[in-house]
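Protein chains in written order, with the numbering used here: chain A, 8 to 335; chain B, 70 to 401. Just so you know, even glycine gets a beta-carbon here, dropped at the ideal spot from N, CA and C. Computed from a prediction, not measured in an experiment: that's the story for all the values here.
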């Protein structure tokens, strides 16, 4: 995936190149400035904690490339974490299946509302956000639900495999699969075509409805998986977690150079975007640790907002130039 | 049904389809049905206190939703309203408590009512600037302040709760004129002004035109850029006003909570109120009714022992049903 990005042909490619350069720049900055930044402890706990955010960003990328948006991912993850925790005392895979299944069901319902009822994605998934939070709170009786520690369910979020956190393995596998589906298979062409214009896609004979249902189902299932990791990592299903996750995911996708209008986008750059935004927080922690300045955690959202601002303005500039170039 | 048949000749519109009927009067019918249901089923529904509780809870939603109606009418959306409420709510107490600059109490209250709304309006301008100048989609442009705005409010107050007791400032929420709560008067005034703006003024027509067909509007010489800036400024300023009302009502300002989730309530009110979310229509009365319906649904469920969480699920169903009916009817 990288060679294609390293030879920028379009403004989108250039934006994607920028985010990868920015990510490496930030890592280099951290490595030079802080002693333990590149330590395996910091890097591994960074990956362990941020894997779930990468998963929802991946699902969001699919939906946005198809021309839609999924505002329900945070709430769906919360609901999935509750479902997973409730069934984790049967076996670890019952918990896993419950979480992913709950997410998949929510995603299918989103897809149905968007494809069959023709409700704008924005509204359909907004409604799902409310419904999923409501369901999570009802199931959990307004409290967090503790998971079982006997069935090995907590291994999913807390243990390592070959010295690498299991959530990071899961995210890595999901991104490789996502890259294959989106950039190496016909299915990916279909999603891009639908995002470019549903009418045209329909005239080309593509099954637009099925593609739309599929992308929302993918997003829902990945949000469900993120919920499973959340429950497993923190030992509890949390009905009130996940607030604002959807915006983090959207921001990651946008920072990764994917236009919100759909029809283009890349899985690798989305991963870079998600890691970039997460790393801002990591760097902030280190900066505070130096003791010269003391920025509260609240700066995190200000800085993330600032990042998003810079990226969207740059994107808009690049697009303007490429349009003018095409016209001339 | 007979009325529409006599006013519009032609076979296609001879009888109004149930969908069109629902899309026109559904919100109003739902409102009436909720009132009737409560009169018979909810104890003490017909009391001043119930009316008071519902009116004061709905007032900030209506005020924000009206700004949202104008933005949506131009084909945009404003996700930042909740965060702007938090910023306005964070700044106001700092002004009248003299934390920002020394000020005498009377002037302090006056400034605390004006400056936060101006700042919220300026941030609204910033949203509009991103949308018009850089051609950034409204949902992304306002996402910037949605994320950063609450952070700014938290940074200003260091995340601390500001508690205060200032009857002059709190007049906008606690006060009454002729027995009517001031926030209800503010709500009605904002609704009336917006209604007049849409119906009577040039810019009102221009807002509808921009949302209906932006290209055509530009070609007919409408200053599209200025119209869009205007709606985002209004939306921001109204969010600021709502923020002030909320903190005045609570006698406290918590940057983490003020206006949280408000964008959803406001968008839901607009959708249930019958304005198409794709733009080109601004139904102010519908938005007010929509906000009341959402509030009444929640109240009805809570008053009858249904948990708040279930009310969320019902609200979700309501939004989907409202949008579904509107869209089907607009194509019929």
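Starting from the Cα of residue i, find the closest Cα among the options and give me that residue.
i	options	result
residue 255 of chain A	A:130, A:61, A:231, A:28	A:61
residue 130 of chain A	B:197, B:366, B:210, B:141	B:141
residue 144 of chain B	B:329, B:104, B:133, B:201	B:201
residue 33 of chain A	A:103, A:59, A:288, A:297	A:288
residue 306 of chain A	A:325, A:119, A:284	A:284
residue 272 of chain B	B:178, B:390, B:351	B:351
residue 263 of chain A	A:45, A:72, A:52, A:48	A:72
residue 345 of chain B	B:211, B:290, B:269, B:139	B:139
residue 243 of chain B	B:257, B:96, B:121	B:121
residue 282 of chain A	A:272, A:260, A:292	A:260
residue 348 of chain B	B:114, B:137, B:109	B:137
residue 304 of chain A	A:29, A:171, A:291	A:291
residue 213 of chain B	A:241, A:35, A:319, A:324	A:319
residue 59 of chain B	B:326, B:112, B:203	An answer regarding residue 59 of chain B cannot be provided, because it is not within the stretch 70 to 401 covered by chain B.
residue 402 of chain B	A:323, A:308, A:273, A:202	Because chain B spans 70 through 401 in this model, residue 402 of chain B falls outside it and cannot be assessed.
residue 263 of chain B	B:319, B:100, B:357	B:357
residue 339 of chain A	A:185, A:297, A:258, A:325	The first residue shown for chain A is 8 and the last is 335, placing residue 339 of chain A beyond what the model contains.
residue 326 of chain B	B:355, B:175, B:220, B:363	B:220
residue 305 of chain B	B:187, B:374, B:169	B:187
residue 160 of chain B	B:249, B:115, B:227	B:227
Look at the Cβ atom of residue i, then the Cβ atom of residue j, and state whether they are nearer than 8 Å.
i	j	result
residue 152 of chain B	residue 342 of chain B	no
residue 107 of chain A	residue 231 of chain A	yes
residue 124 of chain B	residue 253 of chain B	yes
residue 59 of chain A	residue 174 of chain A	yes
residue 177 of chain B	residue 167 of chain B	yes
residue 216 of chain B	residue 311 of chain A	yes
residue 321 of chain A	residue 209 of chain B	no
residue 144 of chain A	residue 378 of chain B	yes
residue 280 of chain A	residue 28 of chain A	no
residue 135 of chain B	residue 261 of chain B	no
residue 385 of chain B	residue 124 of chain A	no
residue 303 of chain B	residue 291 of chain B	no
residue 325 of chain A	residue 21 of chain A	yes
In chain order, what residues of the same chain lie with their CB nearer than 8 Å to the CB of residue i, ignoring the 5 residues before and after it?
i	result
residue 139 of chain A	79, 82, 83, 85, 86, 113
residue 245 of chain B	251
residue 340 of chain B	346, 359, 388, 391, 392, 395
residue 205 of chain A	74, 215
residue 195 of chain A	188, 189
Take residue i and list the residues in its own chain whose beta-carbon comes closer than 7 Å to its own, dropping the five residues that flank it on each side.
i	result
residue 122 of chain A	216, 219, 220
residue 160 of chain A	95, 99, 102, 154, 239
residue 63 of chain A	80, 84, 229, 230, 233, 252, 256
residue 11 of chain A	Note on residue 11 of chain A: pLDDT 49, under 50, position unreliable in the model; the coordinate value appears next. Counting only Cβ-Cβ distances below 7 Å, and skipping sequence neighbours, we find nothing.
residue 49 of chain A	43
residue 180 of chain B	164, 172
residue 132 of chain A	76, 77, 78, 79, 117
residue 198 of chain A	69, 72, 73, 189, 218, 222
residue 71 of chain B	Only weak support exists for where residue 71 of chain B lies, its pLDDT of 37 falling under 50; the coordinates are left without a value.
residue 37 of chain A	44, 290, 293
Please go through the same chain and pick out, in chain order, the residues whose beta-carbon is closer than 6 Å to the beta-carbon of residue i, but skip the five residues on each side of it.
i	result
residue 301 of chain B	193, 196, 197
residue 205 of chain B	199
residue 162 of chain B	231, 233, 322
residue 308 of chain B	133, 150, 153, 154, 189
residue 331 of chain A	Note that residue 331 of chain A scores a pLDDT of 49, beneath 50, so its modelled location is shaky; the value from the coordinates is reported in the next line. Same-chain partners within the cutoff: there are none.
residue 398 of chain B	88, 89, 92
residue 266 of chain B	273
residue 81 of chain B	At residue 81 of chain B, the pLDDT of 45 sits below 50, so the modelled position is not reliable and the matter cannot be decided from this model.
Kindly give me the distance between the Cβ atoms of residue i and residue j, rounded to whole angstroms, as I take these residues to be in contact under 8 Å.
i	j	result
residue 236 of chain A	residue 187 of chain A	No, residue 236 of chain A and residue 187 of chain A are not in contact; Cβ-Cβ is about 22 Å, not under 8 Å.
residue 65 of chain A	residue 277 of chain A	6 Å
residue 381 of chain B	residue 141 of chain A	3 Å
residue 70 of chain A	residue 223 of chain A	6 Å
residue 313 of chain B	residue 185 of chain B	6 Å
residue 293 of chain B	residue 287 of chain B	5 Å
residue 130 of chain B	residue 258 of chain B	Their Cβ separation, rounded to whole angstroms, is 16 Å, which puts residue 130 of chain B and residue 258 of chain B out of contact at 8 Å.
residue 442 of chain B	residue 362 of chain B	The shown model of chain B, from 70 to 401, leaves out residue 442 of chain B, and the question about it has no answer.
Please check if any C-beta of chain D sits within less than 8 Å of the C-beta of residue i.
i	result
residue 340 of chain B	In summary, chain D is missing from the structure at hand, where the protein chains are A and B.
Practice problem: For the region 277 to 293 of chain A, enumerate the residues whose C-beta is nearer than 8 Å to any C-beta of chain B, in chain order. | Solution: Answer in chain order: no residues at all.
Quiz prompt | Contact residues within the region 215 to 238 of chain B, judged by C-beta distance below 7 Å to chain A | solution = The region 215 to 238 of chain B vs chain A, Cβ under 7 Å: 215, 216, 217, 219, 220, 221, 223, 224, 227, 228.
Self-check item: Under 9 Å (Cβ pairs) to chain B, residues found in the region 302 to 313 of chain A
Solution: For the region 302 to 313 of chain A, which is checked against every Cβ of chain B, the residues closer than 9 Å are 302, 303, 304, 305, 306, 307, 308, 309, 310, 311, 312, 313.
Practice problem: Identify each residue in the region 263 to 274 of chain A for which the Cβ-Cβ distance to at least one residue of chain B is less than 9 Å, and report them in chain order. | Solution: Residues 266, 267, 268.
Quiz prompt | Residues from the region 125 to 137 of chain A in contact with chain B, defined by Cβ distance under 8 Å | solution = Answer in chain order: 125, 126, 127, 129, 130, 131, 133, 134, 135, 136, 137.
Exercise. Name, going along the chain, the residues of the region 197 to 212 of chain B whose beta-carbon falls closer than 9 Å to a beta-carbon of chain A.
Key: Correct list: 199, 202, 203, 204, 205, 206, 208, 209, 210, 212.
Practice problem: Report the residues of the region 107 to 124 of chain A with a CB closer than 8 Å to any CB of chain B, ordered along the chain. | Solution: Identification of residues in the region 107 to 124 of chain A having a C-beta nearer than 8 Å to some C-beta of chain B yields 120, 124, given in sequence order.
Quiz item: Of the residues that make up the region 244 to 275 of chain B, which ones have a beta carbon closer than 7 Å to any beta carbon in chain A?
Solution: Hits within the stretch: zero.
Quiz item: the region 355 to 389 of chain B: which residues have C-beta closer than 9 Å to a C-beta of chain A, in chain order?
Solution: For the region 355 to 389 of chain B, the set of residues with a beta-carbon nearer than 9 Å to any beta-carbon of chain A comprises 376, 377, 378, 379, 380, 381, 382, 383, 384, 385, 386, 387, 388, 389, in chain order.
Quiz item: What residues from the region 236 to 262 of chain A come within 9 Å of chain B, judged by C-beta to C-beta, listed N to C?
Solution: Cβ contacts with chain B: 246, 250, 251, 254, 255, 257, 258, 261.
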